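As structure tokens, the structure follows; a few thoughts come after it.
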Amino acid sequence: MPRSSLAAVLALLPCLPLPALSQEIADRIFFGGPVLTMDDTRPRTEAVAVLDGRIIAVGPEAEIMVHRGDSTELTQLDGRALIPGFFDAHAHVMMGGLQALSANLLAPPDGDVTDIDSLLQTLRDWVETNREVVERVNLIIGFGYDNAMLAEQRHPTRHDLDKVSTEIPIYLIHQSGHLGAGNSKALDVAGLTADTPDPAGGVIRRDPDGTPNGVLEETAHIPVVVSLLSRVGVDGFKEMTRAGADLWARFGFTSAEEGRSIPQTVEILREVAREDGFAIDVVTYPDVLVDRDWIAANVSPDYENRVRVAGAKLTIDGSPQGFTAWRDRPYYDPVGDYPAGYVGYPAATAEQVTGAIDWAYGSGVQIITHSNGEAASDLLIAAHRQAQDRHGTDGDLRPVLIHGQFLREDQVDAMKTLGITPSLFPMHTFYWGDWHRDHTVGPALADDISPTGWVHRRGMRFSSHTDAPVALPDSMRVLDATVTRRSRTGDIIGPDQRIDVMTALKAMTLWPAWHHHEDHHKGSIEVGKLADLVILSADPTAVPTDDLDQLVVEQTIKEGVTIHDRASQDEGRLQPGPQDGLGTLIRVASARTAGRHRHGHGPDHGLHMMLQSLNDAVLAATAGN
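When the letters of the sequence shown are read in order and numbered with mature numbering (1 follows the signal peptide of the UniProt record, and there is no 0), they come out as residues -22 to -1, 1 to 603.
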């Protein structure tokens, strides 16, 4: 080569992109649509190259295509948007699996139940679809009905459910988890008669002659659930867990929480992971009031087969929509038999709260805390302040407040000062915004539930979550609710608390990765990070905000591999679990000897009652192992 030609080539070398020189050949390249990276240094680009589950190049399509080889899989986006995989900052994957394996009795838009007749028809349709399984296992389960969303404004009774079957036990779990409803056969199996007294803290609703009408409240309901779940055995819990993880994947989540576990449920997660693994990463926080030594010994920054114990969970109060959140003032118009000036109540003592948080700081363990009411958050803030005064703030613990529905603005200021990260629940504005406006806090304070605007304007990182199965793990519902704050009736619940689309997406990707100490390899589309990605049907920054809830997750990609592809499946917004999974769950349940657990739990947030039931059932199922 002439010296002049060689000099010309050498002169060009600094201008060539490094990949052109190294010639790494990608396993997969995504191109042909907007790439929203969540990386502030390059928020939008054109293409992404992936090798061995990690991102090796991000940039203009022409630059990325130098990584193309004969074996490279090319994914043409065709104008669809590529974004980081969603990280559900707080949820309950195992209980979500029960939802996924049951008849969907949710109200629109997540289901089709609007009245008693449509509820019964949904059950009939589900039985028809799963007839072989139902005939084999002799049990029908429904999940998610809400009497407040039914035209009749009442619960289904045994008289209603007997129209579906009088021979097969039917049991429905209310969306809140506080109640259930069974047909006559289910009541017979449970041993409930006119002579059965109401348990302490519970009610067996009755016909005028004293016969149970099928509706069971609180501690009358929970033993039936515990009995059912404990009989599924370890194999049934494994199937629930797999189904839950798959459900999250279908909504674009590549990471999700099992948000209140015990050592035995963690072991079930690990068994599933060892046997056939999870489609997504599952991060869990065991109950800090159960076994702190076990938590301290098992906390790890690393996943093992996509499962890890990240810290500890504490629960201070209950549910705002259920009037069990602990407030600093009376509820506005609580529906039910409540005394004047009713403010809810704590689910833990002040000593338990301060002791747990002090232990977390002293042990170097991250703690996440369920707190909804103002009084609960006052206690939380005081406990963190006391622990920091004692132990200092040198450790990067990233403590988290979960939910914070009724946070005051001064509490947000205190959280910023103390470094407490809020994980908010903006879907409340859609599902229960009207309820909060009319009953829990009133029109003025309802505008500030889930105060994303306050938090964002203070420059705080925050995450958003689904808390599924309280609601479906529907990522687009989270996005829509965070940006628009539209209620079911179309009212805007707190226009000043709305935030822009990109900030809302960060609260679903980068910032939950940060608060889980995983932002070094998750949450944004950057070189070196895991190729956890989602393909959306359109660019969420380009569609009208009122249409955000119409976006669809087309593909979910975990470490470069597609784990959900809508194009290859005939799916609606809620996809039912596989029939084989349902069969495994209920077949094992029906094969176990029937029994009725008489131990109960005091009134508490419905989901947490259900989680306690789940943990009790796991203990019963694993007692002989």
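Where is the CB? At the ideal position from N, CA and C, for every residue including glycine.
Note that the structure is a prediction, hence the values are computed from the model and not measured.
- Partner residues in the beta bridge of Q54, as assigned by DSSP, are F9.
- Classified as buried, V390 has 16 or more neighbouring CB atoms from the shown chains inside 10 Å of its CB.
- When DSSP states are grouped into helix, strand and coil, A520 belongs to the coil group.
- Around Y339, the same chain offers A365, H369 as residues with beta carbons nearer than 6 Å, after the five sequence neighbours per side are excluded.
- In this structure, A288 and H494 form a Cβ contact; the two beta carbons are roughly 6 Å apart against a cut-off of 8 Å.
- Counting only the Cα atoms, Y309 lies some 27 Å from R238.
- Closest in alpha carbon position to A40, among I33, A27, G31, is A27.
- In the structure shown, H381 adopts extended strand secondary structure according to DSSP, grouped into three states.
- For the 8 Å CB-CB criterion, F229 and A491 do not form a contact.
- Here G120 is bridged, per DSSP, to A81, L150.
- Per DSSP, the beta-bridge partners of I33 are V28.
- In the DSSP annotation of this structure, the continuous segment of the beta strand (DSSP E) that includes F231 starts and ends at 231 to 239.
- In the DSSP assignment, K500 falls outside any alpha helix (DSSP H) and carries neither an H nor an E.
- In this structure G472 is buried. Its beta-carbon is surrounded by 16 or more other beta-carbon atoms within 10 angstroms.
- Taking every protein chain shown into account, the CB of A234 has 16 or more other CB atoms within 10 angstroms, so this residue is buried.
- Counting the other CB atoms within 10 Å of its CB gives L52 a total below 16, which places it among the exposed residues.
- Apart from the 5 residues on each side of it in sequence, I61 sits with its Cβ closer than 6 Å to the Cβ of L14, V512 in its chain, given in chain order.
- Rounded to whole angstroms, the separation of the alpha carbons of D93 and D445 is 25 Å.
- Contact check for Q475 against R463 passes: the beta carbons are separated by less than 8 Å.
- In this structure, DSSP gives V261 an extended state, which the three-state scheme calls strand.
- Secondary structure of H45 (DSSP, three-state): helix.
- The residue among V479, D458, T481 with its C-alpha nearest the C-alpha of I470 is D458.
- The shortest C-alpha to C-alpha distance from I380 to any of P279, D280, A59, Y263 is the one to Y263.
- D17 places its beta carbon less than 8 Å from that of I503.
- The region 251 to 258 and the region 303 to 320 do not touch, with fewer than three beta-carbon pairs separated by less than 8 Å.
- Here the alpha carbon of D311 sits roughly 28 Å from the alpha carbon of V433.
- Where L157 is concerned, the enclosing beta strand (DSSP E) starts and stops at 157 to 160.
- Counting of Cβ neighbours within 10 angstroms places P175 among the exposed residues, the total staying below 16.
- CA-CA distance, V71 to W226, rounds to 8 Å.
- For L60, the three-state secondary structure derived from DSSP is strand.
- It is roughly 24 Å from the alpha-carbon of E387 to the alpha-carbon of K291.
- Contact between the region 239 to 254 and the region 76 to 85 is absent: fewer than three C-beta pairs spanning the two stretches fall below 8 Å.
- Bounds of the alpha helix (DSSP H) holding S96 are 94 to 107.
- In this structure, L358 and T371 do not form a Cβ contact; the two beta carbons are roughly 16 Å apart against a cut-off of 8 Å.
- Cβ atoms of L529 and A516 come within 8 Å of each other, at about 6 Å.
- Within the model, the alpha-carbon separation for V193 versus P429 is close to 36 Å.
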